[in-house]
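Trainee: Each residue of the sequence shown is one higher than the one before, starting from -12 at the first, in my numbering.
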Amino acid sequence: MFSKLYNNKEFLRFSIFFVWLINISGFFGVLSDQKEFFLSTSPFAILISFILLILNYNFRQKGFFTALISIITIGFLVEFLGVNYDLFFGSYEYGNNLGYKIGGVPIIMSINWVVLIFLTGSFTEKL
C-alpha cells in the first residue's frame, strides 16, 4: 500500500491542499478571538504535515531513515542550544501549547524540523 502511495499524484495534490488549508486556517485563527484554540492545535498541524510527508515520500530510498534520525537529532540539538544558551536565533522560549518538553524544547519541534528540511529539499530539487 505505502510503496505506491508516493507515486499517487492525486493524493499528493490532496496532501498539499490539506496542509495549506491547515496552515492558512491557523494563521487567520491566531489573528482572531479564538487565538488560544488555534495555538493549542499547533502540534496536531505539525504532526499531520509530518504524516502526509511520510505518506508521500519514497521512504524506501536509501538513506531515508538515516536522514530522518539525523534531522530529528540535529533539530533538537539546535533548539536546545537556542532555548537554553541563546545560540543561533537569539533569546527565545516555547510556551506550553506545543506539548511535552525536554530541556525547554517541545518534542514536536524535532518533527517540525523534519517537515521543513524535507519540504525545502524537495522544493529546491524542482528549481
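A virtual CB, placed ideally from N, CA and C, is assigned to each residue, including glycine. A quick note: this is a predicted structure, and the numbers were derived from the prediction, not measured.
For LYS49, which three-state DSSP category applies?
Mentor: coil
Trainee: Below 8 Å, how does it come out for the stretch 34 to 50 and the stretch 66 to 77: are there three or more Cβ pairs, yes or no?
Mentor: no
Trainee: For PHE14, which residues from the same chain have a beta carbon less than 6 Å from its beta carbon, with the 5 sequence-adjacent residues on both sides left out?
Mentor: none
Trainee: Return the CA-CA distance between SER78 and LEU55, expressed in angstroms with no decimal places.
Mentor: Taking the straight line joining both Cα atoms gives about 27 Å.
Trainee: Which residues in the same chain as TRP100 place their Cβ atom closer than 6 Å to its Cβ, once the five residues preceding and following it in sequence are excluded?
Mentor: The residues ILE58 and GLY62, in chain order, have a CB closer than 6 Å to that of TRP100 in the same chain once the five nearest residues on each side in sequence are set aside.
Trainee: Between the beta-carbon of GLY91 and the beta-carbon of PRO30, is there less than 7 Å?
Mentor: Not a contact, by the Cβ cut-off of 7 Å.
Trainee: Just checking my contact of VAL65 with LEU39 at CB under 8 Å: how many whole Å lie between their CB atoms?
Mentor: Not a contact, Cβ separation roughly 24 Å.
Trainee: What is the rounded straight-line gap between the Cα of SER97 and the Cα of THR60?
Mentor: 7 Å
Trainee: On the three-state DSSP scale, how would you describe ILE89?
Mentor: strand
Trainee: Can you give the Cα-Cα distance for ILE95 and PHE51, rounded to whole angstroms?
Mentor: 19 Å
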